[in-house]
Structures are given as C-alpha cells and as structure tokens.
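Using full-length UniProt numbering, the letters of the sequence shown map in sequence onto residues 1 to 275. This report refers to the structure that appears directly beneath it.
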Amino acid sequence: MSKYIYLPRNEAEINSTKLEFYRIANFPHVIGCVDGTHIQICPPANLEYLFRNRKCTHSLNIQVVCDAHYVITDMVAKFPGSTHDSYISRHSGIHQRLEHGEFGDGYLLGIAEYTLQTYTQVNVEPIYAQLTLYILCQTGDSAYALRPWILTPYLTPSNETERRYNSAPRRTRNIIERTFGLLKARFRCLHRSGGALQYAPLTAFKIVGACAILHNIATRRGLQLTPEDPDSEDDEQELPHRHHGDRSIANQGRQRRAHIANQYFGRYCEKVASF
1 MSKYIYLPRN EAEINSTKLE FYRIANFPHV IGCVDGTHIQ ICPPANLEYL FRNRKCTHSL
61 NIQVVCDAHY VITDMVAKFP GSTHDSYISR HSGIHQRLEH GEFGDGYLLG IAEYTLQTYT
121 QVNVEPIYAQ LTLYILCQTG DSAYALRPWI LTPYLTPSNE TERRYNSAPR RTRNIIERTF
181 GLLKARFRCL HRSGGALQYA PLTAFKIVGA CAILHNIATR RGLQLTPEDP DSEDDEQELP
241 HRHHGDRSIA NQGRQRRAHI ANQYFGRYCE KVASF
C-alpha cells in the first residue's frame with residue numbers, strides 16, 4: 001500500500017505540499033487535511049455493538065489524510081464505527097510521526113475539539129482487540145484535539161484575527177470532504193446508497209484500502225470525476241471526547257495556533273508565503 005498511499009517523503013515534497021495548501025487560503029505549513037468517514041457494513045452478530053455508530057447504523061470508521069489534489073496520503077482502516085475520531089488519531093502512525101517532528105514544522109488541519117465526553121471501556125474478543133477500546137455513549141460533534149501538529153479552528157473566536165483564522169481552515173478542509181465524495185463516487189460499494197459491505201470486517205477493511213489505492217491511481221493520472229456532495233453521513237459530527245494527554249502539549253498547540261493567527265491573519269500582518 002505504501003507504494004500508492006504515502007505522505008511527503010522528502011523536503012522537496014513537503015515544501016511542495018505546503019505551497020499547494022497555502023494557495024487555497026493563505027494557510028501556512030499544512031501538509032494534509034485529516035478527517036474520518038464511515039463505510040457501512042453488515043457486522044458480525046456477536047460483535048454488533050462494536051460497529052454501531054452514533055447514527056445507530058453499522059460501519060467502519062476510516063481516518064484519511066489527503067493533499068491539496070484529493071490524493072489520499074494516509075489511511076487508518078482498522079477501527080469499527082463505534083470508535084471516536086480522536087481515539088483513532090492518537091493511535092495512528094501519522095500521529096507518532098508528526099509528534100516526533102518527521103515533517104518539520106508541517107501539521108494537519110482537523111476538526112475542532114469541544115468539551116467533555118463520557119465513554120465506556122469494553123472487552124472484545126482477541127481477534128478484534130486491535131479494533132477498538134471504547135464505545136461512545138452519546139451523540140454530538142466531531143473532535144480532534146488541538147496539538148502542535150494538528151491545528152483546529154477556534155471554537156469561540158473572540159476577535160477579528162481569530163475569525164479570519166477560522167475562515168481559512170474551513171476553506172482548506174473542503175479538500176478532504178471532496179476527497180471523500182470522489183472516493184465514494186468512484187466506488188459505490190463505499191457509498192451509503194450502495195448498501196452495506198457484505199464481508200467480514202477484516203475483509204471490508206482491505207476492500208476500503210484497495211479502493212483508496214485505485215482512487216489515487218486514477219487521480220494521479222488525471223481521470224476526471226465529479227465528486228458527490230459532502231456526505232450527510234459524515235456531516236453529523238462526533239461526540240467530543242475527553243483527552244487525558246499531557247496538558248503542556250495542548251498548550252503548545254494553542255500557542256502555535258495563536259502565533260499563526262497573529263502572523264498570517266492579524267489586522268496588520270503581511271501575508272508573506274513562508275513555508
């Protein structure tokens with residue numbers, strides 16, 4: 001899979017990716033947009049509860065990172081629909097790579113984190129132990145925790161600088177929504193209108209991965225396709241999740257967001273392309 005789905009592999013590719021995102025909304029240092037999408041499946045009878053998502057249907061929760069040209073650059077396809085986006089993010093390989101500074105000052109754009117979330121830990125059979133640890137208890141808004149390597153919008157912008165900052169992630173994040181639309185338009189088995197995948201979960205994960213590879217091949221070769229409208233199934237965002245990580249990391253994320261907001265979106269800032 002790494003032959004077709006890969007993040008920027010060297011400094012030249014990193015800088016090129018940043019420039020392409022900067023041209024969308026003057027947002028600096030972005031190497032990808034991250035979000036989750038749900039793929040409907042027919043769940044195993046004995047583990048039905050693991051795959052029941054917030055809409056009370058059964059699905060896989062797939063985390064995707066894309067570049068500015070709708071190419072999928074990273075995918076995590078191993079968690080059931082009950083798993084929260086933020087949990088998948090924290091346990092993904094790209095999280096570790098960003099945390100260790102592999103992409104320099106590059107970061108991802110994600111959905112904002114909200115307030116408090118209750119959750120319940122569950123036990124699963126060994127074959128599915130790698131899939132999830134949590135079942136969500138309520139419904140609500142999607143969340144990625146603010147980190148130095150995952151920047152999110154201000155939840156309650158208090159001034160014009162923060163409001164201008166918020167407008168840029170929204171415009172930039174449209175890329176990931178269009179990527180999901182293209183992927184599901186190309187492969188109707190992944191779209192809710194195509195019904196549910198009638199395969200065991202581990203096979204269904206492989207199908208999603210194969211579709212992503214073919215999507216990238218088609219996109220890189222310039223095969224045109226009109227994307228679907230953003231999926232309503234993904235528009236209903238997930239419940240905010242309580243994070244027990246290092247508060248200093250969250251503070252570093254807030255400081256970096258404030259720095260970018262002031263430097264690139266402040267009233268008197270000069271928008272100089274510094275990648």
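Just so it is clear, CB atoms sit at the ideal spot from N, CA and C, and this is done for glycine as well.
Task: 8 Å Cβ cutoff met for residue 74 and residue 5 - done: yes
Can we say the stretch 55-68 touches the stretch 213-220, given the rule of at least three CB pairs closer than 8 Å? no
- Hey, could you find the ends of the beta strand (DSSP E) residue 189 is sitting in? From DSSP, residue 189 is part of no beta strand (DSSP E); its letter is neither H nor E.
Q | Of the listed residues 192, 171, 194 and 162, nearest to residue 263 (C-alpha basis) | A | 162
Task: Secondary structure of residue 70, DSSP reduced to three states - done: coil
- Query: Under three-state DSSP, which class holds residue 264?
  - Reply: helix
Handout entry: With 16 other Cβ atoms within 10 Å as the buried cut-off, status of residue 23
Key = exposed
Does DSSP put residue 168 in a helix, in a strand, or in coil?
helix
For this session: If I'm right that residue 253 touches residue 147 with Cβ under 8 Å, what's the distance once you round it to whole angstroms?
Result: 5 Å
**Message:** With DSSP as the reference, identify every bridge partner of residue 33, one or two as the case may be.
**Reply:** 66 and 109
Cutoff 6 Å; reference residue 281; Cβ partners in own chain excluding five residues on either side
Outside the shown range of the chain (1 to 275) lies residue 281, about which nothing can therefore be said.
Could you pull out every residue in the same chain whose Cβ sits closer than 6 Å to the Cβ of residue 34, ignoring the five residues on either side in sequence?
65, 108 and 110
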